[in-house]
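According to UniProt numbering, the stretch in the sequence shown is residues 1 to 513, in order.
From the three backbone atoms N, C-alpha and C, an ideal C-beta is built for every residue, glycine too.
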Amino acid sequence: MQPLRRKTPLFTTSEMGAMKGRKNNNLSIFVVVFSIFLFGLFMYNEDVKSIAEFPFSSPKAHETQEGGEPNKHVDSVQEDNVVVVQRESEKKDVEDSVTVKISKSTSRAQLEKSGAEDEDSDERVDLKTVVEKEKKIEMPRAEEEEEVEEEEEDEKVELPPEDCDLFTGEWVLDNVTHPLYKEDKCEFLTSQVTCMKNGRPDSLYQNWKWKPRDCSLPKFKPKLLFQKIRGKRLMFVGDSLNRNQWESMVCMVNSAVPSYNKTWYKTGSLAIFKIEEPEHVTTVEFYWAPFLVESNSDDPNMHSILNRIIMPESIEKHGMNWKDVDYLIFNTYIWWMNTFSMKVLRGSFDEGSTAYDEVPRPIAYGRVLKTWSKWVDDNIDSNRTKVFFSSTSPLHIKSEDWNNPDGIKCAKETTPILNMSTPLDVGTDRRLFAIVNNVIQSMKVSVYFINITSLSELRKDAHTSVYTIRQGKMLTPEQQADPTTYADCIHWCLPGLPDTWNEFLYTQIISQS
């Protein structure tokens, strides 16, 4: 814009002074310089006024250099417009980001609100003009686009062939993709399974990956898993090993949904992890039923009963809680292993019956599985509900089983069983394994058998051992020093082996859907 022409006494006086001669020459020069200064000051104020109206139109006037002096004009602009532009760097290995803060409350509210409103509004801030051109910055919009691209990429998975045996293979060390989540990042883990937090000195047990012999498991993508179960119910039913797997699944899903309203609560025999969204409610649940049928051990809190009694043909009280579920994962094994025979009640608990018969373990187990399979066939719509059954989870009680005569149960074991010159036998009751497999083959409803037994028998290193709780209390240092008495070689640390069990489940969920 051309400045307005002005006739001022200053210019008239200076011109007249210049014609008067050398006597007033010095004075005239001073007056001319002073006049130019006033004119420049006037124009400068006009520029500041323009900057106030368009606060980010002059990037160099707003840059605060890292390790350097701020531009002299910045102070004036900050005072007049109360705008501060700062560069923040939380970590040296993170790219520079730009934070824009408006100190006036109304302006700040508008800026913060603009993130949730239309980005084409008048309040949009073009961050590209705030920093030097050679500086790479992370743009909020670009980050959102990257997240969308990552989510799209998550949908691309390579599934194994349907006829591939996923359960025959080997354990390979993989500290890139495993663990699938971090122990300290999953706040829903119970103290029973947080081995690192409980003092375990080694962490290699988290880094072993199962590799099938003839194919590969699909890469675990938590966003894809959550997408497939979104708005649905996934329920584990059974004993504490299924609870172990349930906690694993909670963490695997939790890692994909950090921003939603998540709750964990118990109601009766149910423990529920709920994710609430405006249009969806997703739950990952665990139902305590250690024998699947009714027993005197069904109380979810008070079930430490040595004299365990079951009702092999009574399942309806439990079964009514399994209806309208989209994914059902059953198991029952460890509670059968404390005696060679099972006590079968004559009559019912409701009638106050106490008499029982001693029945060999495999026969009683077969009766229970027959009752369970009939309930599934009569009550499950396979178009709605997918059913799974996990095989026996092994114990590691005698270190002689894996050629370590100097060991104490599973204590201080840090690697899987990788090389055995003789067939491995850790005491698993294979008769029960065979019963489940045979019953499933005869059912009308399709049930996927998750064969975790053999591959889990190799994981002597993955138990909670002495880094756990007992009767609700953390083991004391004195108890930890006595693994013969206190080592838990039944349950598993998390992250750890149950994550692999869930990788099998994940493979089926994304394949079927």
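Helix, strand or coil at residue i [DSSP, three-state]
| i | result |
| --- | --- |
| GLU457 | helix |
| HIS463 | strand |
| LEU432 | helix |
| PHE286 | strand |
| ASP377 | helix |
| PHE340 | coil |
| ILE408 | strand |
| THR500 | helix |
| PRO212 | strand |
| GLU478 | helix |
| LEU328 | strand |
| SER442 | coil |
| LEU234 | strand |
| PHE226 | helix |
| GLU183 | helix |
| LYS370 | helix |
| ASN261 | strand |
| ASP357 | strand |
| TRP492 | strand |
| ARG470 | strand |
| MET311 | strand |
| LYS92 | Because LYS92 sits at a pLDDT of 35, beneath the cut-off of 50, its placement in the model cannot be relied upon, and the following sentence gives the value as read from the coordinates. It is coil, neither helix nor strand. |
| LEU241 | helix |
| GLU170 | strand |
| GLU400 | helix |
Sequence-distant residues of the same chain with beta carbon closer than 8 Å to residue i, five excluded per side
| i | result |
| --- | --- |
| ARG200 | SER465, TYR467, CYS493 |
| MET252 | LEU180, TYR181, PHE220, PRO222, LEU225, ASP499, ASN502, TYR506 |
| LYS323 | ASN379 |
| PRO160 | LEU166, PRO212, CYS215, SER216, LEU217, PRO218, THR507 |
Expected contact under 8 Å - CB spacing of residue i and residue j to nearest Å
| i | j | result |
| --- | --- | --- |
| VAL284 | VAL325 | 11 Å between Cβ atoms; not a contact. |
| SER390 | ILE450 | 5 Å |
| TRP336 | LEU432 | 7 Å |
| GLY238 | LEU292 | 7 Å |
| VAL376 | VAL436 | Going by Cβ atoms, the distance from VAL376 to VAL436 rounds to 13 Å, so no, they are not a contact pair. |
| THR339 | THR392 | 16 Å between Cβ atoms; not a contact. |
| PRO312 | VAL368 | 5 Å |
| PRO416 | TRP171 | 5 Å |
| MET235 | TYR327 | 7 Å |
| ALA355 | ARG346 | 5 Å |
| LYS386 | GLN227 | At roughly 16 Å, the Cβ-Cβ gap does not stay under 8 Å, so LYS386 and GLN227 are not in contact. |
Euclidean distance between Cα positions of residue i and residue j
| i | j | result |
| --- | --- | --- |
| THR190 | LYS473 | 12 Å |
| LEU217 | ILE510 | 12 Å |
| LEU497 | ARG459 | 8 Å |
| LEU173 | ASN383 | 39 Å |
| LEU225 | HIS178 | 17 Å |
| MET302 | SER240 | 13 Å |
| ILE305 | CYS186 | 31 Å |
| GLU158 | GLN441 | 28 Å |
| GLN479 | ILE408 | 14 Å |
| LEU111 | ASN261 | In this predicted model, LEU111 has a pLDDT of only 27, less than 50, meaning its place in the structure is not dependable; the value taken from the coordinates is given anyway. Spanning the two alpha carbons is a distance of roughly 26 Å. |
| MET342 | ASP488 | 23 Å |
| VAL403 | LEU418 | It should be noted that the sequence gives Asn, not Val, for residue 403. So the alpha carbons of these two residues sit roughly 12 Å apart. |
| GLY169 | ARG243 | 26 Å |
| PRO278 | GLY231 | 11 Å |
| LEU204 | VAL447 | 34 Å |
| ARG233 | THR282 | 6 Å |
| PHE188 | THR263 | 9 Å |
| ASP381 | ILE329 | 15 Å |
| ALA462 | GLN245 | 13 Å |
| ALA256 | GLU247 | 15 Å |
| VAL439 | LYS370 | 7 Å |
| THR267 | PRO405 | 45 Å |
| GLU294 | LYS374 | 15 Å |
| PRO477 | HIS396 | 22 Å |
| LYS398 | CYS410 | 8 Å |
Heavy atom of the ligand NAP within 7 Å of residue i beta-carbon
| i | result |
| --- | --- |
| ASN254 | Of ligands this structure carries none, so the ligand NAP is not represented either. |
Own chain residues within Cβ distance below 7 Å of residue i, not counting five before or after
| i | result |
| --- | --- |
| ASP425 | ASP401 |
| GLU457 | PRO394, LEU424, VAL426, THR428 |
| GLU276 | TYR260, ASN261 |
| ASN175 | ASN207 |
| HIS280 | ARG230, GLY231 |
| PHE504 | LEU166, ILE450 |
Cutoff 8 Å: residue i Cβ touching any chain B Cβ
| i | result |
| --- | --- |
| VAL172 | In the displayed structure, chain B is absent; only one protein chain is listed. |
Cβ shell of residue i (< 6 Å), same chain only, five flanking positions each side left out
| i | result |
| --- | --- |
| THR484 | ILE408 |
| SER297 | PRO290, HIS303, ILE305, ARG308 |
| GLU358 | SER341 |
| PRO469 | Before going on, a small fix: residue 469 reads as Ile here, not Pro. Same-chain partners within the cutoff: SER191, GLN192. |
Next on the checklist: For the structure I just gave you, are there three or more beta carbon pairs, one from the stretch 312-320 and one from the stretch 287-302, closer than 8 Å?
Outcome noted: yes
Item to check | Stretch pair the stretch 263-275 + the stretch 348-357: three plus CB contacts closer than 8 Å | outcome: No, they do not touch.
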